[in-house]
Every structure is written in C-alpha cells, then in structure tokens.
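**Student:**
In this note's numbering, the protein residues as written are 1 to 221.
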C-alpha cells in the first residue's frame, strides 16, 4: 500500500514516502508548482499535517493529491482553525485559512463556486481541537462560542475520501467508518518522528502528566 506524507517538514513517518520542499525530506518537491511523481490512482493514503496553509497554490496541491489517490483513497488533513489569532491569523506564513466547511466545496457544496474542477472529496469527519475551558463546554455552548468568538478552537482535523466518479458521489460508501478514520488519523499523527531527535532527558511521570494537561489546555490534544 503506497502512503504519502505531504509536507513532512521536520518529521517523517516510517512506511510513508515523506515529501516536502525542505532538504530533510526523502522526496524534495515544491507542492505549489511541481506534480507528484506518481501514477494516477496509485496511492491509498495521504497524510498532511499543517501544510496546506503554507502552500501558495494549495488548490494545485489538492488536485495532485486527488489525482494520485485511488477512488476511495483516504486523505487525512490537519490545519489551523480560521479564528485562532496567535497560531493562525497573525502568522505571515499562513496564506490560507480553514474552518469546518472549507472542504465541503470539494464535496457537498461542489459547484456552488464559480470555478469548476475535477477534484472531489467526501468528508467523513472533522474534529475540533478546543482550547482551555472551552473543552469543558457541552456542544450547544461550545458551538456558539466557536461561531462568535476568537481563539476558541486552535486547529481542526479532517478525514476525506477521494471520489473519482462524481455520479456515484451521493451513494458512495466510505471504506472506513468515522470512528476508524479518526483512529487512523490519531495513530498516523503519533507515528511522526523528528529528523533531528531531541537530546533532553526522559520526562518523569509528573512531568508527563503536566505536559498532557498543558497540551490539553492549549488545544493540542
């Protein structure tokens, strides 16, 4: 099974072809202008974590990802949430902004935009990473806060399925359930390994607990 890690950056995933503009990557590529060197319908899984927001022409990159994915192939994406100021809006290197509806324009809302293309994805799930106290709010309140306030959600994950025959789009069953795809995202994300390993001493149990709590509070979990 061919698997791609698009935008590998400072880390790689064993068993994946790790692609990035960085010289660290095993396959160095400008994702905004250069085509992926793989045949059509030859890839089953693509993982891309906090990359699309940096690519000037991310539609080109998505088109290439869609081209190489098989019909029913999986695209797992992680991106900053649009209303996160510190981690998104004020970052001059974030060229695009995303929310839970962004990829509906390649699926449920396809055709509502002026420009048409052949890229089609079925969204199986999206997951919000709430920050701090917003983790504790039940959905009606957290939803209101997310829709009306800044800095409620730090980032958002997506699980998408490539659709190559649009007339089957409405009835096409996902190869994975929502639960399975979320689990696949989590396990793939955890398998990333830094190219340059940190030489710090191992954390104690208390330090590990405090780290988890800190990440949870910041919306990283």
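Heads up, the beta-carbon is just placed ideally off N, CA and C, and yes, glycines get one too.
Using the DSSP secondary-structure output, state which residues sit across from residue 129 in a beta bridge.
**Tutor:** Position 129 of the chain shown, counted from the start, is the residue given in the question as residue 129. Under DSSP, the beta-bridge partners assigned to residue 129 are 155.
**Student:** Is residue 114 helix, strand or coil by DSSP?
**Tutor:** Residue numbering aside, residue 114 sits at position 114 when the chain shown is read from its first letter. Confidence in residue 114 is poor, its pLDDT being 46 and thus under 50, which makes the residue's placement too unreliable to answer from.
**Student:** Assuming contact is defined by CB atoms lying nearer than 8 Å, are residue 164 and residue 50 in contact in what I supplied?
**Tutor:** Here the question's residue 164 lines up with position 164 in the chain shown. Here the question's residue 50 lines up with position 50 in the chain shown. It is not a contact, given that the beta carbons lie outside the stated cut-off.
**Student:** Contact defined as beta carbons within less than 8 Å: I believe residue 77 pairs with residue 158. What is the distance between those atoms, to the nearest angstrom?
**Tutor:** Start at 1 with the first residue of the chain shown, and residue 77 comes out as number 77. Start at 1 with the first residue of the chain shown, and residue 158 comes out as number 158. The beta-carbon separation of residue 77 and residue 158, rounded to 4 Å, stays under the 8 Å limit for a contact.
**Student:** With DSSP run on the structure shown, which of helix, strand or coil describes residue 16?
**Tutor:** Numbered from its first residue, the chain shown carries residue 16 at position 16. In this structure, residue 16 counts as coil in the three-state DSSP scheme.
**Student:** To which residues does DSSP link residue 69 through a beta bridge?
**Tutor:** Taking the chain shown and counting its residues from 1, one reaches residue 69 at position 69. 43, per the DSSP bridge assignment.
**Student:** Would you kindly work out how many angstroms separate the C-alpha atoms of residue 104 and residue 176, rounded to a whole number?
**Tutor:** For the purposes of this step, residue 104 is taken as residue 104 along the chain shown, with counting starting at 1. For the purposes of this step, residue 176 is taken as residue 176 along the chain shown, with counting starting at 1. Whole-angstrom Cα-Cα distance: 19 Å.
**Student:** Name the residue from 217, 126 and 62 whose alpha carbon lies nearest to the alpha carbon of residue 46.
**Tutor:** The count along the chain shown starts at 1 and reaches residue 46 at position 46. Of 217, 126 and 62, the residue nearest in Cα terms is 62.
**Student:** When burial is assigned at 16 or more other CB atoms within 10 Å of the CB, is residue 13 buried or exposed?
**Tutor:** On the chain shown, residue 13 is found 13 positions in, with the first residue counted as 1. Flag for residue 13 reads buried.
**Student:** Measuring only the C-alpha atoms, how far is residue 5 from residue 192?
**Tutor:** Counted from its first residue, the chain shown places residue 5 at position 5. Counted from its first residue, the chain shown places residue 192 at position 192. About 10 Å.
**Student:** By Cβ distance below 7 Å, which residues in the same chain neighbour residue 35 in space, the five residues on each side in sequence not counted?
**Tutor:** On the chain shown, residue 35 is found 35 positions in, with the first residue counted as 1. Counting only Cβ-Cβ distances below 7 Å, and skipping sequence neighbours, we find 64.
**Student:** Going by beta carbon distance, what residues of the same chain come within less than 6 Å of residue 271, once the five residues before and after it are set aside?
**Tutor:** Because residue 271 is not part of the residues shown, which for the chain are 1 to 221, the question remains open.
**Student:** Whose C-alpha, out of 133, 118, 107 and 136, is nearest the C-alpha of residue 124?
**Tutor:** Position 124 of the chain shown, counted from the first residue, corresponds to residue 124. Across the set 133, 118, 107 and 136, the C-alpha of 107 shows the shortest separation from the C-alpha of residue 124.
**Student:** I need the boundaries of the alpha helix (DSSP H) containing residue 86, first residue and last residue.
**Tutor:** One-based indexing of the chain shown puts residue 86 at position 86. No alpha helix (DSSP H) contains residue 86, which DSSP labels as neither H nor E.
**Student:** Give me, in chain order, the residues of the same chain whose beta-carbon lies closer than 6 Å to that of residue 3; leave out the 5 immediate sequence neighbours on both sides.
**Tutor:** Here residue 3 refers to the residue found at position 3 when the chain shown is read from its first residue. The residues are 16 and 45.
**Student:** Whole angstroms are fine: how far does the CA of residue 184 sit from the CA of residue 285?
**Tutor:** Limits of the chain in this structure are 1 at one end and 221 at the other, which puts residue 285 out of reach.
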